[in-house]
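S.K.: One structure is given below, represented as structure tokens, and several questions about it will come after.
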Amino acid sequence: MFPTTSLMRDEIVSETDKHISGPVESSSESGDSPEVVGPDHTVLSDEEVLTEGPQYNAPPPKKRVKWYRCRVTREQLASLNKRSDFLGFVQTLGYLAVLAAGAGAAIYSSLYWPWYITILLVFINGHFWHFLVNGFHELVHDSVFRTRWLNRFFLRVYSFLGWHNHHHFWASHTEHHKYTLHHPDDQEVVLPAKFDMRNLWKSSIVNYRYPYDLVKGRLAAVAGKIPDDKWSQELFPESDPERRRAYTNWERVMFTGHVLIAGVSLLFGLWVVPLVITFPKMIGAWLQFLCNATQHVGLQDEIPDFRLCCRTFYINPVLQFLYWHMNYHTEHHMYAAVPCYKLGRLHRLIKHEMPYCTSGLWETWKQIIQIMDRQAVEPDYQFIAELPATGSSPAPETPPAPRKSA
Numbered sequence: 002m003f004p005t006t007s008l009m010r011d012e013i014v015s016e017t018d019k020h021i022s023g024p025v026e027s028s029s030e031s032g033d034s035p036e037v038v039g040p041d042h043t044v045l046s047d048e049e050v051l052t053e054g055p056q057y058n059a060p061p062p063k064k065r066v067k068w069y070r071c072r073v074t075r076e077q078l079a080s081l082n083k084r085s086d087f088l089g090f091v092q093t094l095g096y097l098a099v100l101a102a103g104a105g106a107a108i109y110s111s112l113y114w115p116w117y118i119t120i121l122l123v124f125i126n127g128h129f130w131h132f133l134v135n136g137f138h139e140l141v142h143d144s145v146f147r148t149r150w151l152n153r154f155f156l157r158v159y160s161f162l163g164w165h166n167h168h169h170f171w172a173s174h175t176e177h178h179k180y181t182l183h184h185p186d187d188q189e190v191v192l193p194a195k196f197d198m199r200n201l202w203k204s205s206i207v208n209y210r211y212p213y214d215l216v217k218g219r220l221a222a223v224a225g226k227i228p229d230d231k232w233s234q235e236l237f238p239e240s241d242p243e244r245r246r247a248y249t250n251w252e253r254v255m256f257t258g259h260v261l262i263a264g265v266s267l268l269f270g271l272w273v274v275p276l277v278i279t280f281p282k283m284i285g286a287w288l289q290f291l292c293n294a295t296q297h298v299g300l301q302d303e304i305p306d307f308r309l310c311c312r313t314f315y316i317n318p319v320l321q322f323l324y325w326h327m328n329y330h331t332e333h334h335m336y337a338a339v340p341c342y343k344l345g346r347l348h349r350l351i352k353h354e355m356p357y358c359t360s361g362l363w364e365t366w367k368q369i370i371q372i373m374d375r376q377a378v379e380p381d382y383q384f385i386a387e388l389p390a391t392g393s394s395p396a397p398e399t400p401p402a403p404r405k406s407a
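So that you can map any letter, position 229 of the sequence shown is 230 in the numbering used here, and since no number is skipped, the others follow by simple counting.
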């Protein structure tokens, strides 16, 4: 661990510089050696980061961060980038089957089993639904299925079920990948993150305010209101009514659909249906939070190396499936076109260039809490992962600017 004064300044390349349609080749010393991609700095086009979303939703051009990427052969990358409809169905339908089983069991129980079993099943079901955002995220990347319309179709399904607006997320997440933790171009994740761990349980086990807050926010969106936060206003400026209209129209589709589901269910006396389909995320947020919040917290910002600003950790296969393999978050940022179900293979190929990866949520959060405890005393502190000598991050060209305290 080192103080933040040793942070490396980001290296930027102008939009007028040459863009590449694929990873840049680096020549090898031997003519017989396989071509290697992933030189010290590569600049990916928008299409290689995210491909979902209409053209009007594309964020305005800016300068580019020149990222370090671990080296793989061109043949390896081509194989990794190859999407599979079969594996896409396994992941996408497999996860939906988990949701259907949880919700279906609770609905069946409400009709035939004792009430306390129904309450237990409703509670268990809520935990699964929070991982919808991870499937939604992968489908936004357009990388789950080989057949493009399948990505688009299931993106709408996941967006609807999870109350997610893919128009907003596409615009925001494109910036997050191109400028990861480089403020103000990435405002999707801003460090240092602060969690009230002692009071987290009050809202992450059962959040009684969730239905009220959700409906209140959606009513405003249905009326055409864009969220007031600075980031949303930048992504959906008043000068771009077409982009705003797309955002609002999807909000209206979601709201109308969920109102119909809830209304028809209550009309037929199926009171449990809104709890397991419309508002399931009022319950059990803690598990997905413990997975998802690991991605960048406590790490470095303003650094052109995903190994230092993203976190990879190991979890059991069941939780990894629910989490859509995003425990390999460094790999996901480094080569965003690789489908989630191949990230483990990518990790094994570049593991020799990776810093130490924690095992399980316990060890991972033990590390995170230690970082956050130190940040409480030293607001400028950021954890600097130790990199293998074979995968050292590029040296800064200029001395780093001091971090401002939060």
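Heads up, the beta-carbon is just placed ideally off N, CA and C, and yes, glycines get one too.
For Ser360, write down the residues that DSSP places opposite it in a beta bridge.
M.R.: Along the sequence shown, one-based indexing puts residue 360 at 359. For Ser360, which the question treats as bridged, DSSP gives the partners Tyr315.
S.K.: Is Asp374 helix, strand or coil when you go by DSSP?
M.R.: Here residue 374 refers to the residue found at position 373 when the sequence shown is read from its first residue. Of the three classes helix, strand and coil, the one that applies to Asp374 here is helix, per DSSP.
S.K.: Please return the same chain residues whose Cβ sits closer than 6 Å to the Cβ of Ser22, not counting the five positions on each side in sequence.
M.R.: To locate residue 22, count along the sequence shown from 1; it is residue 21. Residue confidence is low: Ser22 scores 29 on pLDDT, short of 50, so the model does not pin down where it sits. Its coordinate-derived value is still stated next. Cβ neighbours of Ser22 beyond the five flanking positions: none.
S.K.: Go ahead and pull the three-state DSSP assignment for Thr249.
M.R.: Mapped onto the sequence shown, residue 249 falls at position 248. Of the three classes helix, strand and coil, the one that applies to Thr249 here is helix, per DSSP.
S.K.: Pull up the DSSP beta-bridge partners for Ser284, would you.
M.R.: One-based indexing of the sequence shown puts residue 284 at position 283. Ser is not the amino acid found at residue 284; the sequence shown has Ile there. The partner list for Ile284 (beta bridge, DSSP) reads Val207.
S.K.: Ignore the nearest five residues each way along the sequence and tell me which others in Tyr180's own chain have a CB closer than 7 Å to its CB.
M.R.: On the sequence shown, residue 180 is found 179 positions in, with the first residue counted as 1. Excluding residues within five positions, the ones whose Cβ falls inside 7 Å are Val66, Asp186 and Asp187.
S.K.: Please report the distance separating the alpha-carbon of Gly258 from that of Val265.
M.R.: The count along the sequence shown starts at 1 and reaches residue 258 at position 257. The count along the sequence shown starts at 1 and reaches residue 265 at position 264. Going by the C-alpha atoms only, they are around 11 Å apart.
S.K.: Using the rule of at least 16 other Cβ atoms within 10 Å of the residue's Cβ for burial, across every protein chain shown, is Phe1 buried or exposed?
M.R.: It is not possible to answer for residue 1, since the shown part of the chain is limited to 2 through 407.
S.K.: So what's Asp214 in DSSP terms, helix, strand or just coil?
M.R.: By one-based count along the sequence shown, residue 214 stands at place 213. Here Asp214 sits in helix by DSSP.
S.K.: Measure the alpha-carbon distance for Leu261 versus Thr279 and round it to whole angstroms.
M.R.: Here residue 261 is taken as the residue at index 260 of the sequence shown, counted from 1. Here residue 279 is taken as the residue at index 278 of the sequence shown, counted from 1. Answer to the nearest angstrom: the Cα atoms are 10 Å apart.
S.K.: Which word fits Ala338, buried or exposed, when buried means at least 16 other C-beta atoms lie within 10 angstroms of its C-beta?
M.R.: Translated into the one-based positions of the sequence shown, residue 338 becomes position 337. Counting Cβ neighbours within 10 Å, Ala338 comes out buried, since at least 16 surround it.
S.K.: Among Asp381, His168 and Phe307, which one has its Cα closest to the Cα of Tyr336?
M.R.: The residue you call residue 336 lines up with position 335 of the sequence shown. For the residues Asp381, His168 and Phe307, the minimum Cα distance to Tyr336 belongs to Phe307.
S.K.: In three-state DSSP terms, what is Val158?
M.R.: Mapped onto the sequence shown, residue 158 falls at position 157. It is helical.
S.K.: Measuring alpha carbon to alpha carbon, tell me which residue in His353, Thr295 and Pro281 is nearest Phe129.
M.R.: Residue mapping note: residue 129 aligns to position 128 of the sequence shown, counting from 1. It is Pro281.
S.K.: Alpha helix (DSSP H) containing Leu100: first to last residue?
M.R.: Here residue 100 corresponds to residue number 99 of the sequence shown, with the count starting at 1. Per DSSP, Leu100 belongs to the alpha helix (DSSP H) from Asp86 to Tyr113.
S.K.: Could you compute how far the alpha carbon of Phe314 sits from the alpha carbon of Phe196?
M.R.: As a working note, residue 314 is residue 313 in the sequence shown. As a working note, residue 196 is residue 195 in the sequence shown. Looking at the two C-alpha atoms, the distance is approximately 20 Å.
S.K.: Output the boundary residues of the alpha helix (DSSP H) element that contains Arg147.
M.R.: The sequence position of residue 147 within the sequence shown is 146, counting from 1. Arg147 -> no alpha helix (DSSP H), and no H or E assigned at all.
S.K.: Which residue or residues does DSSP assign as beta-bridge partners of Tyr329?
M.R.: For the purposes of this step, residue 329 is taken as the residue at position 328 of the sequence shown. Note: Tyr329 sits in a beta bridge opposite Thr313.
S.K.: Between Thr365 and the rest of its own chain, which residues show a CB-CB distance below 8 Å, the 5 nearest in sequence each way excluded?
M.R.: Position 364 of the sequence shown, counted from the start, is the residue given in the question as residue 365. The residues are Thr295, Arg312, Phe314 and Thr359.
S.K.: Who does Asp306 pair with in a DSSP beta bridge?
M.R.: Start at 1 with the first residue of the sequence shown, and residue 306 comes out as number 305. Looking at the DSSP assignment, Asp306 forms a beta bridge with Tyr69.
S.K.: What are the boundary residues of the alpha helix (DSSP H) that Gln234 is part of?
M.R.: On the sequence shown, position 233 is the one that residue 234 refers to. Unbroken alpha helix (DSSP H) run through Gln234: Lys231 to Leu236.
S.K.: So for Phe256, helix, strand or coil by DSSP?
M.R.: Here residue 256 refers to the residue found at position 255 when the sequence shown is read from its first residue. Phe256 falls in the helix class under three-state DSSP.
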